[in-house]
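Converting from the sequence shown to this note's numbering requires adding 2 to each position, the first position being numbered 1. From the three backbone atoms N, C-alpha and C, an ideal C-beta is built for every residue, glycine too. As the structure is a computational prediction, the values presented were derived from the model and not from experiment. These notes concern the structure reproduced below.
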Amino acid sequence: MALSLPTSTKSKRALVSKKRALFDAAFSLSSTGKARTIVEYQTGDVIFAQGDACDRVFYLQSGSVKLSVVSKAGREAVVAILDAGDFFGEGCLAGQPLRMGNATAVSPSQVLQVAKPRMVRLLHGERAFADRFITHMLARNIRIEEDLIDQLFNSSEKRLARTLLLLARYGKSDQSTRTIPRLSQETLAEMVGTTRSRVNFFMKKFQRLGFIDYRDGLKVNSSLLTVVLHD
Numbered sequence: 003m004a005l006s007l008p009t010s011t012k013s014k015r016a017l018v019s020k021k022r023a024l025f026d027a028a029f030s031l032s033s034t035g036k037a038r039t040i041v042e043y044q045t046g047d048v049i050f051a052q053g054d055a056c057d058r059v060f061y062l063q064s065g066s067v068k069l070s071v072v073s074k075a076g077r078e079a080v081v082a083i084l085d086a087g088d089f090f091g092e093g094c095l096a097g098q099p100l101r102m103g104n105a106t107a108v109s110p111s112q113v114l115q116v117a118k119p120r121m122v123r124l125l126h127g128e129r130a131f132a133d134r135f136i137t138h139m140l141a142r143n144i145r146i147e148e149d150l151i152d153q154l155f156n157s158s159e160k161r162l163a164r165t166l167l168l169l170a171r172y173g174k175s176d177q178s179t180r181t182i183p184r185l186s187q188e189t190l191a192e193m194v195g196t197t198r199s200r201v202n203f204f205m206k207k208f209q210r211l212g213f214i215d216y217r218d219g220l221k222v223n224s225s226l227l228t229v230v231l232h233d
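And the structure:
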């Protein structure tokens with residue numbers, strides 16, 4: 003588990019950097035003219051489905067998006083919950099012909115869609131943008147490695163705590179408490195790799211200990227980190 007523990011100053015700098023990166027990326031992409039489209043999705047809308055043609059890259063301007071994969075037996079596994087500033091669907095840049103999973107809006111979302119040819123030209127022609135995109139991809143790879151380690155070595159309680167902290171973007175803002183997108187316990191169970199009943203048990207425990215709060219949406223307190231760090 004590799005959740006960073008920034009100081010207040012570092013946290014402020016990270017937040018400013020995040021906002022600047024969001025603005026810069028949005029500006030670069032929004033200048034692509036007819037090669038880009040901005041689409042608004044409501045909660046539950048499918049952005050793309052498993053098996054669809056893989057011909058464009060997506061940039062989440064606002065809202066939240068769930069990435070998932072469905073097995074032949076119909077079992078769904080949630081791969082990630084994305085927030086504003088995240089790219090997704092970039093498999094087309096590596097020659098992926100069809101979508102390997104689903105992308106679904108978890109909350110009202112605004113998504114910028116950029117055709118593959120235009121995205122390739124942006125990456126080749128705008129060095130600063132290409133550097134940010136590479137940083138995004140490296141960060142995603144690191145996250146995947148951490149998720150794998152989490153699944154192999156940590157209990158379901160620790161995995162749930164880590165998932166909630168990541169959804170709350172722990173360490174990326176000065177707030178000690180942050181409201182996360184509305185997710186069902188079934189979805190959390192799919193993300194953690196456990197049963198809904200276990201998630202329900204631990205969520206009640208976290209609420210009793212003051213780590214989470216259900217008033218005005220699900221709020222996650224940074225004190226939940228103690229569960230992750232406890233041996």
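Identity of the residues DSSP links to residue i by a beta bridge
| i | result |
| --- | --- |
| Val201 | DSSP output for Val201 lists no bridge partner at all. |
| Tyr172 | Tyr172 pairs with nothing; no bridge assigned. |
| Ile214 | Val222 |
| Asn104 | Ser70 |
| Glu1 | This structure cannot settle anything about residue 1, because the visible part of the chain is limited to 3 through 233. |
| Asp117 | Just to set this straight, residue 117 is Ala in the shown sequence, not Asp. Ala117 is bridged to Arg58. |
| Gln112 | Glu42, Ser64 |
| Val48 | Thr106 |
| Ile146 | Paired residues: none, contrary to the question. |
| Leu84 | Val67 |
| Thr196 | For Thr196, which the question treats as bridged, DSSP gives no partner whatsoever. |
| Thr181 | Lys221 |
Residues near residue i by beta carbon distance below 6 Å, same chain, minus five either side
| i | result |
| --- | --- |
| Thr11 | Residue confidence for Thr11 is low, a pLDDT of 44 falling below 50, so the modelled location carries little weight; the figure read from the coordinates is stated next. Nothing meets the Cβ criterion. |
| Ala4 | Because Ala4 carries a pLDDT of 45, less than 50, the predicted location of this residue cannot be relied on, and no value is offered for it. |
| Ala170 | Arg180, Ile182, Val222 |
| Gly91 | Val59, Phe60 |
Spatial neighbours of residue i in its chain, beta-carbon cut-off 8 Å, leaving aside the 5 residues before and after
| i | result |
| --- | --- |
| Phe25 | With a pLDDT of 49 at Phe25, under the threshold of 50, the modelled position of this residue cannot be trusted; read the value that follows with caution. Nothing meets the Cβ criterion. |
| Asp133 | none |
| Val81 | Leu69, Ser70, Val71, Gly103 |
| Ile146 | none |
Cβ-Cβ separation, residue j to residue i (assumed contact under 8 Å), whole Å
| i | j | result |
| --- | --- | --- |
| Leu167 | Val201 | In fact, because the Cβ distance is near 15 Å, the residues do not count as touching under 8 Å. |
| Asp88 | Leu62 | 5 Å |
| Val122 | Arg38 | About 13 Å separates the two Cβ atoms, so there is no contact after all. |
| Ala163 | Leu220 | Not a contact, Cβ separation roughly 13 Å. |
| Val59 | Leu84 | Actually they are not in contact, since the Cβ atoms of Val59 and Leu84 sit about 13 Å apart, beyond 8 Å. |
Same chain, Cβ closer than 7 Å to residue i, neighbours up to 5 away in sequence not counted
| i | result |
| --- | --- |
| Tyr216 | Gln209 |
| Ala107 | Tyr43, Gln44, Thr45, Gly46, Asp47, Ile49, Gly65, Val67 |
| Lys160 | Val229, Val230 |
Interface flag, residue i vs chain B, CB-CB below 8 Å
| i | result |
| --- | --- |
| Lys221 | Included in the structure is just one protein chain, with no chain B present. |
### Touching by the beta-carbon criterion (3+ pairs, under 8 Å), the region 208 to 219 and the region 92 to 110
no
### Query
If we count Cβ pairs, one from each stretch, closer than 8 Å, do we get three or more for the region 66 to 77 versus the region 106 to 119?
yes
### Message
Between the region 70 to 77 and the region 129 to 146, can you find at least three pairs of beta-carbon atoms closer than 8 Å?
### Response
no
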